[in-house]
Amino acid sequence: MSTLMELKDTICAISTAFGSAGIAVIRVSGSEAIAVVDRLFSGRHRLSEVASHSAHYGTIERAGTTLDEVICTVFRAPHSFTGEDTVEIACHGSRFIQQELLRWLTDAGACLADRGEFTKRAFMNGRMDLAQAESVADLIAAESAAEKDIALNQLRGGISGKIGELREQLLTFTSLLELELDFADHEELEFADRTQLMDILQKAEAMIKSLADSFEAGNAIKQGVQVAIVGAPNAGKSTLLNALLGDERAIVSDIRGTTRDTVEDTMMLNGVLVRLTDTAGIQQTSDRIEQMGIERSLQALRKAHIVIELLDSTDPQPVVDEEELGERQVLLRVYNKKDIRSQKSEISISAKNRDIQPLLTRLEEEVGRLTQHSDSVLVSNIRHYEALSRAAKALVSVREGLEDGLSGELIAMDLHDALDALGEITGQVSSQEVLNTIFERFCIGK
Ligand SMILES: Nc1nc2c(ncn2[C@@H]2O[C@H](COP(=O)(O)OP(=O)(O)O)[C@@H](O)[C@H]2O)c(=O)[nH]1
Ligand SMILES: [Mg+2]
946 MSTLMELKDT ICAISTAFGS AGIAVIRVSG SEAIAVVDRL FSGRHRLSEV
996 ASHSAHYGTI ERAGTTLDEV ICTVFRAPHS FTGEDTVEIA CHGSRFIQQE
1046 LLRWLTDAGA CLADRGEFTK RAFMNGRMDL AQAESVADLI AAESAAEKDI
1096 ALNQLRGGIS GKIGELREQL LTFTSLLELE LDFADHEELE FADRTQLMDI
1146 LQKAEAMIKS LADSFEAGNA IKQGVQVAIV GAPNAGKSTL LNALLGDERA
1196 IVSDIRGTTR DTVEDTMMLN GVLVRLTDTA GIQQTSDRIE QMGIERSLQA
1246 LRKAHIVIEL LDSTDPQPVV DEEELGERQV LLRVYNKKDI RSQKSEISIS
1296 AKNRDIQPLL TRLEEEVGRL TQHSDSVLVS NIRHYEALSR AAKALVSVRE
1346 GLEDGLSGEL IAMDLHDALD ALGEITGQVS SQEVLNTIFE RFCIGK
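Written as structure tokens, this is what we have:
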């Protein structure tokens, strides 16, 4: 009976990517992990007898059949990723061997792991807080150096440390206030000196604001900086896209209206992912298809962080009305075809000759500006951003309450709202529903 219960908590999954490869790693975790693998493993020692963090060569065998030669690495609780006994089996990366090994492991008593279950267990067992667990998924999904840096910082407790600091300040505040409540009969007693409270509050508000502000940069890094290339037909937009990519991605021709739909691709600029969109030339037209293409150009324009308006130096025809841009959108007016005619402009290029350094320099500056923030911790997770916003709102109520001389009890309620919101980020306050949505984003085997 108890064995059955225990077996149920031992999980296994392929942790390496789907498909065939040189090797694959199958992870087994849970109180029976070592015993389960020992049922199949034949080597110099039984795994139950080996030291933690040691690797062992042997074969996987069952009823006289050998499946593969493997290396098993043993991690004993609590010193493993999940905090439980864990065995990582490195086998040959044939799809057949991987699937068969998984089947043999489940026959031997392990269950197939759910998405993110290893990381969920790491969280449940106190190996990491929720923000750190989320950073594991971000780290796996990271496509650029900057994105990787944010995730790694978060995994190492960057945001958790900040939230901890904030909660501590607010707890000091709360205890000062509650001390006062205990002596409510003695109105003349004011333990919590109001200026001191205001001081703590202002510090907390400033910290939250700085974190929340960093979301813009963090989000741009995570989603990629959006750059739209717009302009009149034949300005050389597609040529520029190709020059930026160092590739022949979009069709170039001197026939007006060659680009009918938006063309997207990505490039890296100083470790930041940049999403480039080449668009259909904007002009008055009665052609229905062309109109639809132009509508897409305008959409790309609206969602861009940076708009490159490309002008033909021999015949500049502006299409962007600066007034209509969002206040945070950056407009770069770029004159092309300087090989034919040079314009006295800061950014003058020849896309055709791939002479685009002045534009690259400006792009790097702007991408840098969009993705940098004075805070050492960047918030890139919308869930964290929303919780911070809620905490900020609650703190405004606290401050207003203090200013209006509201009763300590009411102020304490707002304080607890702020503390709860912050606790949701690190998982001190969490619901099953929230946990499920977070761990569903993971892949199996992590
Ligand atoms: N001389 C010159 N021609 C260019 C330059 N860039 C693009 N073109 C030419 O302009 C025409 C239109 O280019 P294309 O990239 O298709 O323009 P789009 O309609 O804005 O996408 C093509 O014949 C290109 O070869 C340039 O820097 N110098
Ligand atoms: Mg084009």
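Per my numbering, the very first residue in the sequence shown carries number 946; after that it's consecutive. Ideal Cβ positions, reconstructed from N, Cα and C, are used throughout, including at glycine.
Spatial distance of T1435 from V1217 (CA atoms):
Any answer about residue 1435 is impossible in this case: the structure gives the chain only from 946 up to 1391.
Say yes only if the C-beta of K1338 is nearer than 6 Å to one or more non-hydrogen atoms of ligand 2, and no if none qualify.
The closest heavy atom of ligand 2 lies 6 Å or more from the beta carbon of K1338.
Closer than 6 Å: V1197 CB and nearest ligand 1 heavy atom
V1197 Cβ: within cutoff of ligand 1.
Under the DSSP definition of a beta bridge, which residues are partnered with D1013?
DSSP output for D1013 lists I1005 as bridge partner(s).
Distance, E1348 Cα to L1214 Cα:
Near 48 Å, if we compare the C-alpha coordinates of E1348 and L1214.
Report the CB separation of S1325 from I1166 in whole angstroms; it is logged as a contact under 8 Å.
The pair is a contact, with the Cβ atoms about 6 Å apart (cut-off 8 Å).
Please go through the same chain and pick out, in chain order, the residues whose beta-carbon is closer than 6 Å to the beta-carbon of G1102, but skip the five residues on each side of it.
So no residue of the chain qualifies.
Inspect the beta-carbon positions of Q1114 and L1100 and report whether they are closer than 7 Å.
Their beta carbons are not under 7 Å apart, which means Q1114 does not touch L1100 by this criterion.
Would you check if the distance between the CB atom of S1293 and the CB atom of K1282 is smaller than 7 Å?
The Cβ atoms of S1293 and K1282 lie no closer than 7 Å to each other.
Counting Cβ pairs, one atom from each stretch, are 3 or more of them under 8 Å apart for the segment 1175-1191 and the segment 1264-1284?
Counting Cβ pairs under 8 Å, three or more are found: they touch.
Could you check which residue in T1011, H990 and A1035 has the C-alpha nearest to that of A962?
It is A1035 whose Cα lies nearest to the Cα of A962.
Can you tell me whether G1226 sits near ligand 1, meaning its C-beta is under 6 Å from at least one heavy atom of the ligand?
Yes.
Length of the line joining the Cα atoms of S1105 and G1372:
Annotation: S1105 to G1372 spans about 10 Å, alpha carbon to alpha carbon.
DSSP beta-bridge partners for G1038?
For G1038, which the question treats as bridged, DSSP gives the partners A966.
Can you round the beta-carbon distance between A1336 and I1153 to whole angstroms, since I take them to be within the 8 Å contact cut?
Rounded, the Cβ-Cβ distance is 6 Å, consistent with contact.
What number of angstroms, rounded off, separates the C-alpha of F1387 from the C-alpha of L1084?
Distance between the alpha carbons of F1387 and L1084 is about 11 Å.
If N1070 sits next to E1110, beta carbons under 8 Å apart, how far is it from one beta carbon to the other, in whole angstroms?
In fact, because the Cβ distance is near 24 Å, the residues do not count as touching under 8 Å.
Between which residues of its own chain and D1362 is the CB-CB distance below 6 Å, once the five residues before and five after are set aside?
Counting only Cβ-Cβ distances below 6 Å, and skipping sequence neighbours, we find A1339.
Under the DSSP definition of a beta bridge, which residues are partnered with C1056?
Assignment of beta-bridge partners to C1056 by DSSP yields I956.
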